[in-house]
Structure formats: C-alpha cells, structure tokens
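Before any comments, here is the structure.
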Amino acid sequence: MKKYLILIAITIFLIGCNKREPKPLKAAKPNAQKLLKPGEWISEIDSMSGISIREDRLAFFKDMKFTSDKVYEYELIDSVYISSNTENKVGEYLTIHKPKDTLRYKIISKSENSLTLKIDNKEKKFTIKK
1 MKKYLILIAI TIFLIGCNKR EPKPLKAAKP NAQKLLKPGE WISEIDSMSG
51 ISIREDRLAF FKDMKFTSDK VYEYELIDSV YISSNTENKV GEYLTIHKPK
101 DTLRYKIISK SENSLTLKID NKEKKFTIKK
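Numbering follows our numbering, with no gaps: position 7 of the sequence shown is 7.
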C-alpha cells in the first residue's frame, strides 16, 4: 500500500511540474541593421587603433596597421529570450568569424558615428573617422 501511495505522490508531483511555464530559450537572430557604416572607427583611447570596416568585413588595427589574417567577416545579431510566443531583445552583439574562429562582442551603444563594445570586460568606444 505504501508503494502505491508513493507512486501516486510522485505522479502528482511530476504532473504538477509539467504545468509550469518552460524556461525562456535564448537565441540569436540577425539584426535588421546588418552592417555598420564603412570606414575607420578610431579608438577613443588610442587614436592609432581601431576597427576598419568594408562591406561585410572588418579588421581590428593597431598603429594604423593590420594583416590579412586579422580580417574577419562580421554580422550584427540580437540576443533574444523566447517564451510563450513572445520575444524579448536582451542585447545586441557584433559577431566576427573565420572558418575556424568565432568571436562575439556585446554592443553597449551604437549610432551612425560611434560604437561602444565590451572587449575583455572593458568598454571600448570607437568613433567613425570623417
């Protein structure tokens, strides 16, 4: 008899667990604004460093130089929580990738002329060179 009561209690518990709302799913989706303005985005801290953007490629440069192995394809993505047919945007990321390497940088703020990224747990601001 005790076995049956325990089985019934476990069954009721499991049924109750299934009625809870599922945890939100975190997903990445392409951003509507897929590319950044082309040009040189100069670091606010070091005017000889920054990001060079051409079409769907970018390169981080230092001392106004970069090599071809530092050129990446990039895209902007939104990080989204999906639950119960609703989607909530929780962040925006710059994703850079090569065939064997993918990096993501959180976009803190973005406008037509400035970009602030979280790189190595530090905020780094870049401004487009006019």
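Don't be surprised by glycine CBs; every beta carbon is placed ideally from N, CA and C.
Keep in mind it's a predicted model, so treat the numbers as computed, not measured.
- In the same chain as Glu123, and ignoring 5 residues on each side of it, the C-beta atoms closer than 8 Å to its own belong to Ile108, Thr116 and Leu117, in chain order.
- Beta-carbon to beta-carbon, Glu55 and Pro38 are separated by about 7 Å, close enough to satisfy the 8 Å threshold.
- Going by beta carbons, Thr95 and Ile119 fall outside the 8 Å limit.
- Beta-carbon to beta-carbon, Tyr72 and Leu58 are separated by about 6 Å, close enough to satisfy the 8 Å threshold.
- Under DSSP, the beta-bridge partners assigned to Thr127 are Ile42 and Ser114.
- In this structure, the CA atom of Gly91 is about 28 Å from the CA atom of Lys62.
- Contact check for Leu25 against Ser83 passes: the beta carbons are separated by less than 8 Å.
- When rounded, the separation of the alpha-carbon atoms in Ser43 and Ser114 is 10 Å.
- Under the three-state reduction of DSSP, Ser68 is assigned to helix.
- Following the DSSP letters along the chain, one finds Lys98 inside the beta strand (DSSP E) bounded by residues Thr86 to Lys98.
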